[in-house]
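**Q** Residue numbers (the numbering used here): 2 to 916. Just so it is clear, CB atoms sit at the ideal spot from N, CA and C, and this is done for glycine as well. From a predicted model like this one, the values you see are computed outputs, not experimental measurements.
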Ligand SMILES: [Zn+2]
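See the structure below:
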């Protein structure tokens, strides 16, 4: 899957909430992560042996279906009724039964099963009594005669509802150009919601062939995982029979039904590729089509294995909980992640579409062809797809410098992984619902970061060959983390598990501290990084990583690179006596932070930060800011350091700077805010003046995006009246002629005008939201409604989040945005408390979870207490360690406020007098 928030948006949210956990998707209000020492896959009361002959619910593994019944093939016929929001289903499942049994247990939930008949090879048939168990989401079929080992066919008839929860088989609605509402049906099965659409063995290693038939109204169209094998009319209904799929996991099946339209198929090798939209949106497909073709070709070449399906459809769905889902051959997307107008979109919006499309295509091999054996291995799917999306987009558009902006994703992982409440990338998963807590920044961004570190350590070609070996060895099957290490280690001829296990199976990451002695001995020390130090007395003190460390020592103006593998707590390296500077984490691929002793930092800065690569500058300022938040660097030193970056022109480095200013804006008392704004204007202003408002000819897309970001920061965080006036003028010009302003500047104009706007502006933006021409524009104006200052306007926005006026895929994010608005956060918090039950009922679970991420902005001791009280007394569980992470973020923010407020005020006073 791919997250519902883009990394650009992620950074924007990070800019509102320094530590907010934002990226991906599916999260339900379910149980906590299994304890780290629990068994991986089975959980039984002690002393109780599982008896495979006895399938009574009380005696079975509550989380894994028994292995003596194996499904091979689903012949599935579904007949959805969009008007009634129901569906009728029939299926025949071909099974191998390996030991005599009296019953069959499989997964089903929210389905009514009216008939279950088992048919043997000699056409013997017996029907079963059917029991559904909601708590285990299982269906038990009990037979009067014993079932002997052999091949069997299970025939089931069932009915279900097309729900509004954006999971299982669900309905999505949209309005056409004259305002008439239409309904379509779509599916979202990962992790465990296929069982809501048809009874099945809903575990990733029960791979089977799917032969699907969809029976629909003749005016409709349907898409599934494979090509249409035949189309006919039966009893006034259109019957579409789809070709057999490859062997695949249930969570990858997909059915989409509606009045949808497709682009003409474009052949990529042997694969016809199409994009699907609701009517009227075909004009927005060309960019997505281009990256879909480019990345499919790229992956066939990189993996050296042809695309495993018979066609590839990419379908934009108006209501979609996550960003996208890698159903084999029928990838589903939320509209903002697939449809875009390349003329009016910002660079960030185009990059978002390119990333998500490439990510999902990468999954066709990594995830679909080879699938994790169980949910503990989810990172194999997601970290890999995230890593591969970078490779593919970088190959497609090298001028986008995708690996530079990957620093932003790595930074997001660092911010969560610096918490005591973080978790290892891979941990034991008992109940599949615990896997829902894995769709987070640690699985995607930390996972991809450590893969990048490994790739750079063993070399890109060796890494690629190891991946090819892994995919070939496990094609059409399942695999675990150790299988990947075996393949990579075999090709690399290196002990990969020893290197990687520390990064995958233990929480956190190292802080590498560098000091130098008078005799030019460099000492490098590793310890676990943390923002809050008061718990630093436990076993984490002894945590060690094998750190592939690359460093650059400059002597006499000449730079020399050396590579070390740190395994001990302390490592000493002699430097030349005339050393000038030392840079740790050269090229910036390492997943660790660096803290330099003051003399080392001075020398590095005096050598000239313009001599560092972008990623090295990014890491320098990002690590400095993180150590400041952690109390390891004085805030005043950090603020001085930012003065060295006024000539910086890389958007990613600026993202860190703006993020830190935004953090200070959240913790600063109201009476000091204008002093902070003056400081921010001083830091940002020179770059805004230099870049101007109009792109210069030959300018890169990245510079255009930087201009937009800086103008937005100057107008909002800097509260610069001149910039605000100019923004209003330009916005008027833009309304008259959409080409009058560079697209990258438009979002900042909207944001600034919302920031300073009144009710008239609110109504104007609301109208633009309703009539937007592209998903990006719709989103931009929707979120502007969270950025106003007057409470009366924010109250209007809040009320609409639960009135049915705003899609539930967006509403929780809108509330989170108001929690991140320093003028509206208390209002939004009161609204959340009052309306919690309603939101809990209305919003998709992962949306609700994201919404709660906004609490990290409630950065006063009083609000923090109130937040803790609310979640404790209501006994709210957001799944996994999510809530603990949010609360720890909040604790850190309040800690900085309590520790540094006086120093900040003194510094800003001094700064003002110096002007
Ligand atoms: Zn994914």
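Any idea what DSSP makes of residue 938, helix, strand or coil?
**A** Because residue 938 is not part of the residues shown, which for the chain are 2 to 916, the question remains open.
**Q** Just the C-alpha distance for residue 768 and residue 97, rounded to the nearest angstrom, thanks.
**A** Whole-angstrom Cα-Cα distance: 59 Å.
**Q** Once DSSP output is grouped into helix, strand and coil, what is the label at residue 195?
**A** DSSP places residue 195 in helix when its eight states are reduced to three.
**Q** For residue 344, which of helix, strand or coil comes out of DSSP?
**A** Correct three-state label for residue 344: coil.
**Q** Would you report the Cα separation of residue 413 and residue 628, rounded to the nearest angstrom?
**A** Straight-line Cα distance between these residues: approximately 15 Å.
**Q** Cα-Cα, which of 200, 714, 470 is closest to residue 94?
**A** Closest option to residue 94, Cα to Cα, is 200.
**Q** Hey, is residue 220's beta-carbon within less than 8 Å of any beta-carbon in chain B?
**A** Structure shown: chain B not included; a single protein chain is present.
**Q** Kindly list the residues whose CB is nearer than 6 Å to the CB of residue 551, restricted to its own chain and excluding five residues on each side of it in sequence; keep chain order.
**A** Correct list, in chain order: 564, 587.
**Q** Mapping DSSP to helix, strand and coil, what is residue 24?
**A** Legend: pLDDT at residue 24 = 28, less than 50; position of this residue unreliable, no value from coordinates given.
**Q** Give me, in chain order, the residues of the same chain whose beta-carbon lies closer than 7 Å to that of residue 677; leave out the 5 immediate sequence neighbours on both sides.
**A** 665, 666, 669, 909.
**Q** Tell me which residues share the same chain as residue 662 and place their Cβ nearer than 6 Å to its Cβ, disregarding the 5 neighbours each side in the sequence.
**A** Result list for residue 662: 681, 718, in chain order.
**Q** Alpha carbon to alpha carbon, how far is residue 80 from residue 157? Give it in angstroms, no decimals.
**A** Looking at the two C-alpha atoms, the distance is approximately 14 Å.
**Q** Round the Cβ separation of residue 619 and residue 589 to the nearest angstrom and send it over; I've been treating them as touching at under 8 Å.
**A** Residue 619 to residue 589, Cβ: 7 Å. Contact.
**Q** Helix, strand or coil: which one does DSSP assign to residue 454?
**A** Reduced to three states, the DSSP call for residue 454 is helix.
**Q** If you pair each beta-carbon of the segment 341-352 with each one of the segment 373-392, do three or more pairs fall below 8 Å?
**A** Short answer: they don't touch.
**Q** Could you give the uninterrupted runs of the beta strand (DSSP E) lying entirely in the segment 549-605, keeping only those of 3 residues or more?
**A** Those beta strand (DSSP E) runs which fall completely within the segment 549-605 and span 3+ residues are 559-567, 571-575, 580-585, 594-597.
**Q** Measuring alpha carbon to alpha carbon, tell me which of 877, 462, 151, 451 ends up nearest residue 838.
**A** The shortest C-alpha separation from residue 838 is found at 877.
**Q** Looking at the structure shown, is residue 404 part of a helix, part of a strand, or coil, going by DSSP?
**A** Correct three-state label for residue 404: helix.
**Q** What's the call for residue 736, buried or exposed, on a 16-neighbour Cβ count within 10 Å?
**A** That one is exposed.
**Q** Rounded to the nearest angstrom, how far is the Cβ of residue 197 from that of residue 172, given a contact under 8 Å?
**A** That belief does not hold up - the Cβ atoms of residue 197 and residue 172 are roughly 13 Å apart, past 8 Å.
**Q** Ligand 1 and residue 2: does any heavy atom of the ligand fall closer than 7 Å to the residue's C-beta?
**A** Answer for residue 2: yes, Cβ within range of ligand 1.
**Q** Would you tell me roughly how many angstroms separate the C-alpha atoms of residue 152 and residue 119, rounded to the nearest one?
**A** Cα-Cα distance, rounded: 10 Å.
**Q** Does the segment 353-360 come into contact with the segment 247-254, if we say contact requires no fewer than three beta-carbon pairs (one atom in each stretch) closer than 8 Å?
**A** The answer is no - the segment 247-254 does not touch the segment 353-360, with fewer than three Cβ pairs under 8 Å.
**Q** State the DSSP-derived secondary structure class of residue 482, mapped to helix, strand or coil.
**A** If DSSP states are grouped into helix, strand and coil, residue 482 belongs with the helices.
**Q** Run through DSSP, which three-state label would residue 2 get?
**A** Coil at residue 2, not helix or strand.
**Q** When you compare the CB positions of residue 488 and residue 471, do they come within less than 8 Å of one another, or not?
**A** It is a contact, given that the beta carbons lie within the stated cut-off.
**Q** Of all the beta strand (DSSP E) runs that stay within the bounds of the segment 869-913, which reach a length of 3 or more residues?
**A** Counting only runs of 3 or more, we get nothing.
**Q** Are at least three pairs of beta-carbons, each pair with one atom in the segment 207-226 and one in the segment 136-145, less than 8 Å apart?
**A** No contact exists between the segment 207-226 and the segment 136-145.
**Q** Does ligand 1 have even one heavy atom less than 7 Å from the beta-carbon of residue 328?
**A** Residue 328 Cβ: outside cutoff for every heavy atom of ligand 1.
**Q** Could you check what DSSP says for residue 756 in three-state terms: helix, strand or coil?
**A** Here residue 756 sits in helix by DSSP.
**Q** Taking the continuous beta strand (DSSP E) assigned at residue 259, which residues delimit it?
**A** Element bounds for residue 259: 256-259.
**Q** Since residue 593 and residue 510 should fall inside the 8 Å C-beta cutoff, what is the C-beta to C-beta distance between them, to a whole number of angstroms?
**A** Indeed, because the Cβ distance is near 6 Å, the residues count as touching under 8 Å.
**Q** With hydrogens ignored, establish whether the beta-carbon of residue 479 is closer than 7 Å to any heavy atom of ligand 1.
**A** For ligand 1, not one heavy atom lies less than 7 Å from the Cβ of residue 479.
**Q** DSSP three-state call for residue 82: helix, strand or coil?
**A** In this structure, residue 82 counts as strand in the three-state DSSP scheme.
**Q** Whose C-beta lies closer than 6 Å to the C-beta of residue 29 among residues of the same chain, with five residues either side of it excluded?
**A** Any reading at residue 29 is ruled out, since the residue's pLDDT is 26, under 50, leaving its predicted position unreliable.
**Q** Going along the chain, which residues of its own chain have a beta-carbon closer than 6 Å to the beta-carbon of residue 275, five neighbours each way excluded?
**A** If we look at residue 275 and ignore the five residues flanking it on each side, its Cβ neighbours are 263, 264, 266, 314.
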